[in-house]
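Engineer: Just passing along the structure, written as structure tokens.
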Amino acid sequence: MKAIVVGAGVIGMLQARDLAHNGFDVVLYDQGQLGREASWAGGGIISPLYPWRYLAPVTALAKRSQAIYAELIEDLEAESGIDPEISHHGLLVLNVEDQQAALNWAENNASWMETISAEHLYDLEPKLKTGFASSLWMPKVASVRNPRLLRALRTIMNLHAAITVRENQKIAGIDEGRVSLLSGEIDYADLVVVCSGAWTSQLMPQISSEIEPVKGQMLVFDAPVGLVNRVVLSDGR
Ligand SMILES: Cc1cc2nc3c(=O)[nH]c(=O)nc-3n(C[C@H](O)[C@H](O)[C@H](O)COP(=O)(O)OP(=O)(O)OC[C@H]3O[C@@H](n4cnc5c(N)ncnc54)[C@H](O)[C@@H]3O)c2cc1C
């Protein structure tokens, strides 16, 4: 059986790996290079930032992902020789406009999020500015180093005999198992999996109203080790 995966972000590469493990010959297409778009830029936090703002199925999916992520990272390191550097340092939420909604959600998800006192907060992050009376705290939230995760996945894609990587090949259209490349070439497969992220509405106009890009920005600072020890979310940043 042959599968085509369109888009080689974290989703497409994990999908390609999974299909190859399940006996498929996989062709993985990307219009650019493997893992250089949103997945590369992402902050690597393994949780929705504001988990209380989502529907119950998203909470269930996120819980499941968090439960299996550490083992996945171990497997990726064993397969690639590259450590994506998962760290389990939790996430602090200091100022949110919908604090009450967050507290209500925390009541039903106590193992995920709790409220901590100022004393506990400053134990965790001694260099925070003074004046916070309490904080929301998600102790189990982990994060990974995305560039390293993507390098591990790229290595696995290139090493796996059942996966053929085709970079700089834009897919222009999909019709069931028939895929047209911008170059005019046609490819066929038993299964086509679309993992084209923010571009998906261009490729599948029939679902264009359901998927739209959301902009995120990342600033990288030089900072002394220990200035901030975990993910700290405050005022939307
Ligand atoms: C600044 C920033 C910070 C973020 N922080 C976090 C975070 O901390 N935690 C978190 O969970 N999420 C975070 N996200 C979101 C997260 O990065 C994305 O949800 C995730 O990477 C999406 O993965 P993906 O594989 O679907 O998309 P992408 O990585 O964008 O991959 C899609 C791929 O499809 C390819 N493609 C598109 N169209 C075609 C086509 N027609 N033909 C061939 N190839 C095509 C693209 O070239 C691209 O490589 C952040 C995002 C940003 C931008």
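All residue numbers for the sequence shown refer to the working numbering, where the first residue is 138 and numbers rise by one. The C-beta atom is built at its ideal place from N, Cα and C for all residues, glycine as well.
(1) What's the gap between the Cα of ARG303 and the Cα of ALA309?
(2) Considering Cα atoms alone, identify which of ARG154, PRO194, TYR325, GLU262 is closest to VAL362.
(3) From GLY160 to LYS139, what distance separates their C-alpha atoms?
(4) Name the one or two DSSP bridge partners that THR252 has.
(5) Classify ALA270 as buried or exposed, calling it buried when 16 or more other Cβ atoms lie within 10 Å of its own Cβ.
(6) Assuming the contact rule is C-beta atoms closer than 8 Å, GLY181 and LEU287 should be a hit. Round their C-beta distance to whole Å, please.
(7) Check for me: the alpha helix (DSSP H) holding GLY149 runs from which residue to which?
(8) When you measure from the CB of THR252 to every non-hydrogen atom of ligand 1, does any distance come out below 8 Å?
(9) Per the DSSP calculation, LEU261 is bridged to which residue(s)?
(10) Per DSSP, what kind of secondary structure is LEU370 in: helix, strand or coil?
(11) Would TYR187 and ALA247 be called neighbours here (beta carbons separated by less than 9 Å)?
(12) According to DSSP, is ALA298 part of a helix, a strand, or is it coil?
(13) Going along the chain, which residues of its own chain have a beta-carbon closer than 6 Å to the beta-carbon of VAL281, five neighbours each way excluded?
(14) Judging by CA-CA distance, which residue of ILE344, ASN232, ALA335 is the nearest neighbour of LYS352?
(15) Given a cut-off of 9 Å, decide if LEU265 and VAL368 are closer than it, judged by their beta-carbon atoms.
(16) Based on DSSP bridge pairs, tell me the residues matched to LEU228.
(17) Can you find a C-beta in chain C that's less than 9 Å from the C-beta of ALA309?
(18) Whose C-alpha, out of VAL143, VAL142, VAL147, is nearest the C-alpha of ASN283?
(19) Could you check which residue in ASP312, SER333, SER338, GLN339 has the C-alpha nearest to that of ALA326?
(20) Tell me the rounded alpha-carbon separation between ARG201 and VAL365.
(21) Under the DSSP definition of a beta bridge, which residues are partnered with ARG315?
(22) Using three-state DSSP, classify ILE182 as helix, strand or coil.
(23) Going along the chain, which residues of its own chain have a beta-carbon closer than 7 Å to the beta-carbon of ILE300, five neighbours each way excluded?
Structural biologist: The structure says:
(1) Taking the CA atoms as reference points, ARG303 sits about 14 Å from ALA309.
(2) Per the Cα distances, GLU262.
(3) The straight-line gap from Cα to Cα measures roughly 9 Å.
(4) For THR252, which the question treats as bridged, DSSP gives the partners LEU273.
(5) Exposed is the label assigned to ALA270, since fewer than 16 other Cβ atoms lie within 10 Å of its Cβ.
(6) Actually they are not in contact, since the Cβ atoms of GLY181 and LEU287 sit about 10 Å apart, beyond 8 Å.
(7) Here the alpha helix (DSSP H) through GLY149 covers 147 to 158.
(8) Not under cutoff, so the answer is no.
(9) Per the DSSP secondary-structure output, LEU261 pairs with nothing in a beta bridge.
(10) Three-state result, LEU370: strand.
(11) It is not a contact, given that the beta carbons lie outside the stated cut-off.
(12) Residue state for ALA298 is assigned as coil, using DSSP reduced to three classes.
(13) Here the set comprises GLY181, PRO221, ILE223.
(14) Here the closest residue by C-alpha is ALA335.
(15) Going by beta carbons, VAL368 and LEU265 fall outside the 9 Å limit.
(16) Answer by DSSP bridge pairing, in chain order: MET275, VAL368.
(17) The chain inventory of the structure shown lacks chain C, comprising one protein chain alone.
(18) When only C-alpha atoms are compared, the closest one is VAL147.
(19) Ranking ASP312, SER333, SER338, GLN339 by Cα distance to ALA326 puts ASP312 first.
(20) So the alpha carbons of these two residues sit roughly 28 Å apart.
(21) Bridge partners of ARG315: ASP312, TYR325.
(22) Strand at ILE182.
(23) So the list reads ALA153, ALA157, VAL163, LEU165, MET294, once near-sequence residues are dropped.
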